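*Asks:* Dropping a structure here in structure tokens format, bear with me for questions.
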Amino acid sequence: MPMPDGTPVPYPEHTSDNPKPLQAYQDQDIILRLPAGIKVRDIKYLSVWCRRFTVNFGMVLIPEDLWIPAPRVLPEFSRLAHGLRSDNITILDSKTFYIPNLHYDGAGPDAYFWVGKGPEPDTHGIKVPNEMNSSQPLQGYEGVDIEIVLPGNLTVYDIDWLAVWCVQYKHNFGHVLIPKDLDVPPALGQTKIAPPWWYTPTSSTPAPEMSNCIELLEGRVQVQWELMGEDVQIRVSGRIRENQYVAFGLSGSEGKAQMIGADVVVVGYNKSSNSFFAEDYYMSEYAQCDGKRGVCPDHRIGGKNDAVFVSGKRENGVTTVTYMRPLRTNELDYDRMIPDKETTIIAAIGLLNKNLEANAHLSSDSTGEDIRIDFAGRGVHQCTNSLYNLPAQKELKPWPAMSIAGEDTFTARIGPTGGDRGYPSITGEPAWGIAWYINEMLIPELTVERGQNYTFLVEGGDDKTMSTRYHPFYITSSREGGYGQLNAEQQKRQRVFAGVARDASGYPYPTAAGRYCEYQHKSVDKSAMTESFEEFFGTLRLHCEEGQPATLVWHVEEDTPDLVYYQCYTHRNLGWKIHVVDQGYGPLKTESGAGRSRALLVLLVGCLAAALGSLVGR
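Just remember that the working numbering sits 1 ahead of the position in the sequence shown, which is counted from 1.
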């Protein structure tokens, strides 16, 4: 039983001999730290004791055979792609992972910490915020120690694995399995990262003009709102270019971020007229609006614009538009009613077309998780800094496109896409982190002649069980590639010129894969810091697995179109153009053949000089 000679355990922690008495507590979680030299197994009870009146207010007995939950050490991340590796990972408590010596090149376009159920990572996982509590795609890590905390009510007992996963391209960069026999401490905020209920904005943070503010894309999109009778006033701010838009509104599906069926307002800036707009949109399909379906302004499909423009401004690279929209409209087909409770919202950034209408956006430029707000609520202040206070984003100058002509042998390997300077700028297509490197160049345009043979030494990986390292090479009429992803009807729309054969049953299979060779980042992706591809290439190192390259010999038939593409059989958007010309009309060697071209030029100049000397001598 508790006795007066017990040892006080101060709360909050206090080092003096006379700690302050306990205050009143109501449904609070607290952490007690035993005085120095005392361990839990050294004590028989814990009580709330009144020293003045020697009264025991309550107690809990400590059993002699007490089993104390402890952190659990796991293996390191499996090393599957993008230089991901770490030391042994530790589960600190029921929500917190400690990941020491983390390395990741940061080149995945849509990668996140990812957890879920099942034998291995898949598309049904859940995003985990990074060590800064941000849900933006992961940047590079170079040997750092971090802690990450599972979101919401999720605990380590609810999951089977932790991974680094690319959402856009559904690829696992590496993972670690979670054992079933865990017994770790509960998560009460004792780790480095404070739980959400500890957060309090600093006093220097200015209160927003409206009652509520939330940041939906970190450092890029903030939304403020205020209920005004039967309408909601909304202010959308986006750190965007003048030819971009921000879309914000109600998700197409309650409980998850979904564009199909979404009811959003698109805001932007019209530079030619120095004006702003707020346009009501409905999304019925992932396609351009054809006047009936697609991503359409309501007025183009028989509805009307229920967003009432109020004001707009553009300053320091930020476009801000304020508009009003009613809680309810008469357009049941195209407008969703704003409920009087929390509802799932979405936001996205994309390009405007010449008609100032919304084009498609990348998944990395949109919200992917279930974010909910109450449009009738007050006091939501999650914007800790104004977008106007952030430094302007630097526009990256694209690298010039490269080309190879006059060569008949090509080595095809895998490498990084070069960020915004590389694949997306060269092709206008989205990149998913890797691309073909031909003769040590990022997706050069090749020129070949009809009637000639060309040899491709392919090192794209031949292990079918590892999709991140299996990239068979083929030549096609398709700008995207990915023949193996298509159904039979879709495959009929592609012409294949080399790299695909058919078995006895008529099913296609790739013929050119070879061992896996990849140009990897020596540290993190430095494409944004390098002005030329040559400088960027110097930040890479070549890693090849054991084995031999596959050899693909392509005889260019006379009926081959003027433009075809080298691509990946299993994935889209890894390759680029091949220009096909008639025999004898091909240009002189360029790029990789430049050295031999210069030698030929020197020989010709030497012969010409000798001939002129002979004439003068006469």
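Even for Gly, the Cβ is constructed at its ideal location relative to N, Cα and C. Note that the structure is predicted; figures quoted are calculated from it, not measured.
Count the other CB atoms within 10 Å of the CB of Asp184; is the residue buried (16 or more) or exposed (fewer)?
*Replies:* Counting from one through the sequence shown, the residue named residue 184 turns up at place 183. The residue in question, Asp184, is exposed, as its Cβ has fewer than 16 Cβ neighbours within 10 Å.
*Asks:* In whole angstroms, what separates the C-alpha of Ala377 from that of Gly250?
*Replies:* In the sequence shown, residue 377 corresponds to position 376, counting from 1. In the sequence shown, residue 250 corresponds to position 249, counting from 1. If I take the Cα positions, the gap works out to 15 Å.
*Asks:* Please go through the same chain and pick out, in chain order, the residues whose beta-carbon is closer than 6 Å to the beta-carbon of Gln137, but skip the five residues on each side of it.
*Replies:* In the sequence shown, residue 137 corresponds to position 136, counting from 1. For Gln137, where only same-chain residues beyond five positions count, the Cβ hits under 6 Å are Glu219.
*Asks:* Secondary structure at Tyr682, three-state DSSP: helix, strand or coil?
*Replies:* In the structure displayed, the chain extends from 2 to 619; residue 682 sits before or after that span and is not available.
*Asks:* Answer with buried or exposed for His544, where buried requires no fewer than 16 other C-beta atoms within 10 angstroms of its C-beta.
*Replies:* Your numbering for residue 544 matches position 543 in the sequence shown. Burial call: exposed.
*Asks:* Provide the residue(s) that pair with Phe310 in DSSP beta bridges, ordered along the chain.
*Replies:* Locating residue 310 in the sequence shown gives position 309, where the first residue counts as 1. Beta-bridge analysis with DSSP links Phe310 to Tyr324.
*Asks:* Reducing DSSP to helix, strand and coil, say where Tyr158 ends up.
*Replies:* If you number the sequence shown from 1, residue 158 lands on position 157. The answer is helix: DSSP assigns Tyr158 an H, G or I state.
*Asks:* Would you please state the rounded distance, in angstroms, between the beta carbons of Leu103 and Tyr142? I believe it to be under 8 Å.
*Replies:* On the sequence shown, residue 103 is found 102 positions in, with the first residue counted as 1. On the sequence shown, residue 142 is found 141 positions in, with the first residue counted as 1. Indeed they touch by this definition, with Cβ atoms about 4 Å apart.
*Asks:* Report buried or exposed for His472, applying the criterion of at least 16 other Cβ atoms within 10 angstroms of its Cβ.
*Replies:* Start at 1 with the first residue of the sequence shown, and residue 472 comes out as number 471. Buried.
*Asks:* Go ahead and pull the three-state DSSP assignment for Gly59.
*Replies:* Within the sequence shown, residue 59 is the residue found at index 58, counting from 1. In this structure, Gly59 counts as strand in the three-state DSSP scheme.
*Asks:* Is the closest heavy atom of the ligand FAD to the C-beta of Pro180 under 7 Å?
*Replies:* The ligand FAD is absent from the structure shown, which contains no ligands of any kind.
*Asks:* Please determine, among Lys257, Ala108, Pro36, the residue with the shortest C-alpha to C-alpha distance to Lys523.
*Replies:* Locating residue 523 in the sequence shown gives position 522, where the first residue counts as 1. Nearest of Lys257, Ala108, Pro36 to Lys523, Cα basis: Ala108.
*Asks:* Does the Cβ-Cβ distance between Thr512 and Leu447 come in under 8 Å?
*Replies:* In the sequence shown, residue 512 corresponds to position 511, counting from 1. In the sequence shown, residue 447 corresponds to position 446, counting from 1. Cβ atoms of Thr512 and Leu447: not closer than 8 Å.
*Asks:* May I ask you to list the residues that DSSP assigns as paired with Val129?
*Replies:* In the sequence shown, counting from the first residue as 1, residue 129 sits at position 128. According to DSSP, Val129 bridges with Phe114.
*Asks:* Helix or strand or just coil, what does DSSP make of Arg52?
*Replies:* On the sequence shown, position 51 is the one that residue 52 refers to. Looking at Arg52 - three-state DSSP - the assignment turns out to be coil, as it is neither helix nor strand.
*Asks:* With distances taken from CA atoms, which of Thr466, Leu228, Tyr26 is nearest Val1?
*Replies:* Beyond the ends of the chain as shown, which are 2 and 619, falls residue 1; an answer cannot be given.
*Asks:* Determine the direct distance from the alpha carbon of Ile235 to that of Ser312, and round the result to whole angstroms.
*Replies:* In the sequence shown, residue 312 corresponds to position 311, counting from 1. In the sequence shown, residue 235 corresponds to position 234, counting from 1. Computed Cα separation, rounded: 11 Å.
*Asks:* Exposed or buried, Ala529, counting other C-beta atoms within 10 Å across all chains shown (16 or more means buried)?
*Replies:* Locating residue 529 in the sequence shown gives position 528, counting from the first residue. It counts as exposed.
*Asks:* Would the segment 401-419 and the segment 433-453 be scored as touching if the rule is three or more Cβ pairs under 8 Å?
*Replies:* Touching, per the Cβ criterion.
*Asks:* For Pro509, list the residues DSSP reports as bridge partners.
*Replies:* Working through the sequence shown from its first residue, we reach residue 509 at position 508. For Pro509, which the question treats as bridged, DSSP gives the partners Arg503.
*Asks:* Give the single residue among Val165, Ala248, Ser285 whose Cα lies nearest to the Cα of Val116.
*Replies:* As a first step, residue 116 is located in the sequence shown; it is residue number 115 there, counting from the start. The option with the nearest alpha carbon to Val116 is Val165.
*Asks:* Let me confirm a value: Lys577 is counted as buried when at least 16 other C-beta atoms fall within 10 Å, else exposed. Which label applies?
*Replies:* Taking the sequence shown and counting its residues from 1, the one referred to as residue 577 is at position 576. This sequence places Trp at residue 577; Lys is not what is there. Within a 10 Å sphere around the beta-carbon of Trp577 sit 16 or more other beta-carbons, which makes this residue buried.
*Asks:* Going by DSSP, which residues form a beta bridge with Asp232?
*Replies:* Within the sequence shown, numbered from 1, the residue matching residue 232 stands at position 231. Paired residues: Met229, Pro327.
*Asks:* Quick check on the DSSP output: the alpha helix (DSSP H) that includes Tyr424 runs from which residue to which?
*Replies:* What you label residue 424 is simply residue 423 of the sequence shown in a count that begins at 1. Residues 424-428.
*Asks:* Between which residues of its own chain and Trp198 is the CB-CB distance below 8 Å, once the five residues before and five after are set aside?
*Replies:* Position 197 of the sequence shown, counting from 1, holds the residue named residue 198. For Trp198, the pLDDT reaches just 30, beneath the cut-off of 50, and the residue's location in the model is therefore unreliable, although a value from the coordinates is still provided. Taking Trp198 as the centre and dropping the five residues before and after it, the same chain places no C-beta closer than 8 Å to its C-beta.
*Asks:* Could you give the residue range of the alpha helix (DSSP H) that holds Ala258?
*Replies:* Sequence index remark: in the sequence shown, residue 258 carries index 257 (1-based). Premise fails: Ala258 is in no alpha helix (DSSP H) and is neither H nor E.
*Asks:* By DSSP, does His83 sit in helix, in strand, or in coil?
*Replies:* In the sequence shown, the residue the question calls residue 83 occupies position 82. In this structure, His83 counts as coil in the three-state DSSP scheme.
*Asks:* Please classify Ser468: does DSSP put it in a helix, a strand, or coil?
*Replies:* Your numbering for residue 468 matches position 467 in the sequence shown. Here Ser468 sits in helix by DSSP.
*Asks:* Given that a residue counts as buried once 16 or more other Cβ atoms are within 10 Å of its Cβ, and exposed if not, what is Glu14?
*Replies:* Against the sequence shown, residue 14 aligns to sequence position 13. Exposed.
*Asks:* Going straight from the alpha carbon of Thr97 to that of Thr91, what length do you get?
*Replies:* Reading the sequence shown from its first residue, position 96 is the one you call residue 97. Reading the sequence shown from its first residue, position 90 is the one you call residue 91. Near 9 Å, if we compare the C-alpha coordinates of Thr91 and Thr97.
*Asks:* Grab the span of the beta strand (DSSP E) containing Ala25 for me, first residue to last.
*Replies:* One-based indexing of the sequence shown puts residue 25 at position 24. In the DSSP assignment, Ala25 falls outside any beta strand (DSSP E), carrying neither H nor E.
*Asks:* Where Gln383 and Met229 are concerned, what is the direct C-alpha to C-alpha distance, given to the nearest angstrom?
*Replies:* Within the sequence shown, numbered from 1, the residue matching residue 383 stands at position 382. Within the sequence shown, numbered from 1, the residue matching residue 229 stands at position 228. One C-alpha to the other measures close to 21 Å.
*Asks:* Considering only C-alpha positions, which residue in the set Phe278, Arg315, Lys314 is nearest to Pro298?
*Replies:* For this step, residue 298 is matched to residue 297 along the sequence shown. Of the residues Phe278, Arg315, Lys314, the one whose Cα lies closest to the Cα of Pro298 is Phe278.
*Asks:* Would DSSP call Glu14 helix, strand or coil?
*Replies:* Here residue 14 refers to the residue found at position 13 of the sequence shown. Of the three classes helix, strand and coil, the one that applies to Glu14 here is coil, per DSSP.
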